[in-house]
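Numbering (the numbering used here), first residue to last: 72 to 380. Working notes, beginning with the structure itself.
Pasting the structure below:
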């Protein structure tokens with residue numbers, strides 16, 4: 072998820088502030104007649120959307136240290152948790168807890184429905200993490216998360232690299248055992264896994280590439296392979312196996328790694344995406360100071376970025 076707002080926001084400054092029609096009739100993804108709709112604005116930097124079992128979307132406004140809820144039933148926005156540890160990437164587990172990359176102290180949190188906070192991870196090998204950024208939870212509760220370095224002005228720690236690189240980690244089902252599972256990436260950011268728990272996609276935004284890995288039962292990764300020559304801030308999957316990457320709008324690849332769609336978003340940076348709504352067919356996009364929605368022919372992959380019902 073997130074590039075270092077607003078430091079690397081470099082694209083789309085010349086785009087119009089309102090979205091025009093999309094070629095939905097020719098799209099395998101966009102619903103016929105659908106238009107990109109601005110759902111809300113006046114945020115400082117939106118990130119980390121996660122969908123619950125009711126289709127509600129929770130996302131972060133990190134500079135304002137809050138998690139905002141979009142209600143699928145009436146489309147209303149409300150502050151859900153403030154302060155929120157400067158949360159970035161979020162993801163619901165099967166018990167309804169919202170796991171969050173709490174960037175203020177570089178921790179991984181579990182936020183219960185009653186908003187009680189449990190710190191799951193605060194360091195690795197006795198050293199602070201660089202800054203947990205994005206995460207994905209597989210069906211048995213094991214958690215994968217990325218740990219790039221994006222120095223923040225609100226940190227009270229030394230802003231230098233805390234680990235020996237920028238890596239991917241796996242937190243076991245006991246929510247205690249933590250191990251490093253990918254240590255050869257430049258700057259891992261977006262991450263998502265398939266509903267069958269067989270494939271993990273990791274975007275190396277620093278290298279401008281996205282890789283696929285086979286997932287082992289113990290959390291280890293093997294058979295690293297290039298999926299596409301594009302990095303990403305956030306990621307999601309639809310029920311056809313298509314992979315959605317963000318940055319300069321939303322770019323969609325089929326499961327073979329071929330680009331099949333690009334969605335322009337009229338903001339300097341598109342940070343992240345999820346599928347929301349009761350039928351999970353609203354592509355919910357967090358982009359700079361606004362959030363957008365786009366109706367789709369497809370739906371979010373069951374369990375890919377929201378817990379299965």
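We put the CB at the ideal spot given by N, CA and C, even for glycine.
For residue 345, which option in 174, 131 and 106 has the closest C-alpha, if you only look at C-alpha atoms? 131
With C-beta atoms as the reference, is residue 206 less than 7 Å away from residue 214? yes
Going residue by residue through the segment 160-200, where are the continuous beta strand (DSSP E) segments of at least 3 residues, counting only ones entirely within it? Listed in chain order, they are 169-173, 178-182 and 188-192.
Classify residue 83 as helix, strand or coil using the three-state DSSP reduction. For residue 83, the pLDDT reaches just 34, beneath the cut-off of 50, and the residue's location in the model is therefore unreliable, although a value from the coordinates is still provided. Looking at residue 83 - three-state DSSP - the assignment turns out to be coil, as it is neither helix nor strand.
Would you please state the rounded distance, in angstroms, between the beta carbons of residue 59 and residue 349? I believe it to be under 8 Å. The chain is shown from 72 up to 380; residue 59 falls before or after that span and cannot be answered.
Cα-Cα separation, residue 179 to residue 247: 12 Å
My output table needs one value for residue 294: the three-state DSSP class, helix, strand or coil. strand
What does DSSP give as the partner residues of residue 216 in its beta bridges? 206 and 240
Please go through the same chain and pick out, in chain order, the residues whose beta-carbon is closer than 6 Å to the beta-carbon of residue 92, but skip the five residues on each side of it. Bear in mind that the predicted position of residue 92 carries a pLDDT of just 42, short of 50, making it unreliable; the figure below should be weighed with that in mind. 106.
At least three beta-carbon pairs within less than 8 Å, the segment 111-124 to the segment 315-327: These segments do not touch.
Counted within 10 angstroms of its Cβ, other Cβ atoms place residue 336 as buried (16 or more) or exposed: buried
Residues in the same chain with beta-carbon distance under 6 Å from residue 352, minus the five sequence neighbours each way, listed in chain order, please. 367 and 370
Helix, strand or coil for residue 233? Go by DSSP, reduced to three states. In this structure, residue 233 counts as coil in the three-state DSSP scheme.
Range covered by the beta strand (DSSP E) that runs through residue 362: Unbroken beta strand (DSSP E) run through residue 362: 361-366.
Rounding to the nearest angstrom, what Cα-Cα distance links residue 216 and residue 339 in this structure? 26 Å
Identify whether residue 97 lies in helix, strand or coil by the three-state DSSP scheme. helix
C-alpha distance - residue 262 paired with residue 123, whole-angstrom precision: 18 Å
When burial is assigned at 16 or more other CB atoms within 10 Å of the CB, is residue 189 buried or exposed? exposed
CA-CA distance, residue 223 and residue 97? 42 Å
I want to know whether the segment 269-283 touches the segment 228-235 - three or more CB-CB distances under 8 Å. Using a Cβ-Cβ distance cut-off of 8 Å, the segment 269-283 and the segment 228-235 are not in contact, since fewer than three pairs of beta carbons, one from each stretch, lie closer than that value.
Nearest-angstrom Cα separation, counted from residue 375 out to residue 282: Straight across, the Cα-Cα distance linking residue 282 with residue 375 is about 17 Å.
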